[in-house]
Amino acid sequence: MDITDKANPKLLWQINGGSGSFTKLGQTWSAPVKTRINVGGTLTDVLIFAGGYDPNQDTLNNGDSVYTVDTQGNAIYIVNARTGGLIWSASNATGHTATLAKMRYSMPSSVRVIDIQKDASGALVSDSEHLADQFFVGDMGGQVWRFYINNGQSGANLITPAGTSNDGVFASIGGTSAAAARRFYHEPDVALLNVKGTPALSINIGSGYRGHPLNQVIQDRFYAFRTSVLVKPAATTSEGTLTESSLYNATENLVQGTDATAKQAAADAFASTSGGWYIALKASGEKVLSRALTAGGQLYFNTYEPNSANALCKASVGRNRSYGVRLLDATPVSVPVGGSGTYSDRYTNSNSEGISGDPQLYCTGNDCYVLPDPSIDPKKIPMPPLGKTYWIDTNNP
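Structure (structure tokens):
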């Protein structure tokens with residue numbers, strides 16, 4: 077829309093799915109991300125968006141398959157924000173700029189776009205033009221995708237997929253059993269953190285079957301995938317793909333346990349794992365149905381737990397939990413560093429009915445707070461020391 081004259085808005089362009097260059101475009105659940113890139117030497121305002129949702133996913137355990145391979149929604153597009161013209165696209169079918177065999181599942185969420193570079197000295201910087209450099213997105217097959225933007229290039233050279241041999245898959249946690257059929261409906265949260273003096277990216281996302289929120293078969297998780305690869309590596313380098321075996325299982329919070337031997341063993345196991353951590357959600361059918369939020373080194377996310385399957389004569393309102401953990405090691409923010417805490421110290425039960433939305437960040441004066449859920453008091457966020465900032469979230473410029 078052209079809203080230069082707010083009293084007389086005009087339609088600039090529209091894209092129709094199911095035909096032409098947008099055959100793979102499904103139900104558009106998410107908002108496109110407005111950002112800027114350099115296309116062949118021209119600074120260009122663009123929209124980046126995933127292919128959307130395939131209603132085929134509404135069918136629970138379709139046939140004998142754990143996952144449903146989709147015919148729409150399994151694509152990513154970059155278009156000119158002013159004209160709607162297609163600049164780049166990817167899917168598992170021919171007819172796209174990039175053909176990626178593993179892009180078999182629809183992507184209903186927004187992409188997460190970031191701006192991060194290294195200067196000649198190796199320091200992390202954001203360029204003066206604030207161009208987008210990378211983007212991430214999850215899919216219905218339990219995969220997280222990563223792409224690098226090669227500003228100044230065009231066509232097939234504009235985007236480089238990450239993953240193993242540039243297949244685009246940054247992480248894959250789906251399994252072959254019904255219990256492991258985890259899906260990502262929501263946009264990843266991406267944060268920069270310091271691990272023993274070394275910067276790393278943490279890509280944070282929870283799984284949950286939003287199409288069937290009462291499902292109690294799938295054992296869902298919350299993941300904080302971690303990588304020391306901050307910018308596009310050399311062409312000869314393959315990043316690989318993170319799996320659950322690459323991550324530390326932080327579920328029981330043993331690093332804050334009371335048994336000294338188990339605590340040390342947990343600390344050693346965590347220290348030897350470079351791929352991040354995950355928490356297995358313990359309540360029956362508990363799942364993540366909203367986006368996570370990182371602020372001040374603290375990570376917040378909400379979960380939904382359906383009513384017991386035995387309560388068939390009552391409406392299934394279910395209940396929500398709001399989790400707050402440290403991004404570094406998944407320990408509860410409610411327990412001091414070095415203290416003793418358990419799994420249940422991570423969350424607060426919410427009085428909100430239905431399914432909670434996203435945690436929200438707001439600032440007033442010099443203080444910032446996270447509102448995890450409308451029924452839970454805001455949490456004050458520790459502010460970092462003043463200094464040079466290298467991080468820009470281009471989703472919210």
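Residue 77 is where the sequence shown starts when you use the numbering used here, and the numbers rise one by one after that.
Note that the Cβ used here is the ideal one computed from N, Cα and C, for glycine as well.
Annotated as proximal: Ala-276 and Ser-304, with beta-carbon spacing under 7 Å. Looking from the CA of Ala-347, the closest CA among Glu-328, Tyr-324, Ala-368 and Ala-356 belongs to Tyr-324. Under the three-state reduction of DSSP output, Asn-156 falls in the strand class. Non-local C-beta neighbours of Leu-136 in its own chain, meaning closer than 6 Å and more than five positions away in sequence, comprise His-288, ordered along the chain. Distance from the CA of Val-122 to the CA of Glu-328, rounded to the nearest whole angstrom, comes to 44 Å. Counted as a single uninterrupted DSSP element, the alpha helix (DSSP H) harbouring Thr-337 occupies residues 336-347. Glu-205 is not bridged by DSSP to any residue. In the DSSP assignment, Asn-329 falls outside any beta strand (DSSP E), carrying neither H nor E.
In the structure shown, Asp-405 adopts coil according to DSSP, grouped into three states. Annotated three-state conformation of Gly-93 is coil, per DSSP. When DSSP assignments are scanned along the segment 351-388, the uninterrupted stretches of beta strand (DSSP E) that are 3 or more residues long and fall wholly within it turn out to be 352-356, 369-371 and 374-381. DSSP, reduced to helix, strand and coil, places Ala-232 within a helical segment of the structure shown. Counting the other CB atoms within 10 Å of its CB gives Ile-79 a total below 16, which places it among the exposed residues. Following the DSSP letters along the chain, one finds Gly-214 inside the beta strand (DSSP E) bounded by residues 210-214. Less than 7 Å divides the Cβ of Ile-279 from the Cβ of Phe-212. Per DSSP, Tyr-299 is one residue of the beta strand (DSSP E) stretching across 297-303. For Ala-199, the closest of Leu-87, Lys-339, Pro-435 and Leu-306 by C-alpha to C-alpha distance is Leu-306. Excluding five sequence positions before and after Ala-345, the CB atoms of its chain that fall closer than 7 Å to its own CB belong to Tyr-324, given in chain order. For Ile-190, the CB contacts under 6 Å within the same chain, skipping 5 residues up- and downstream, are Gln-210 and Val-266 in chain order.
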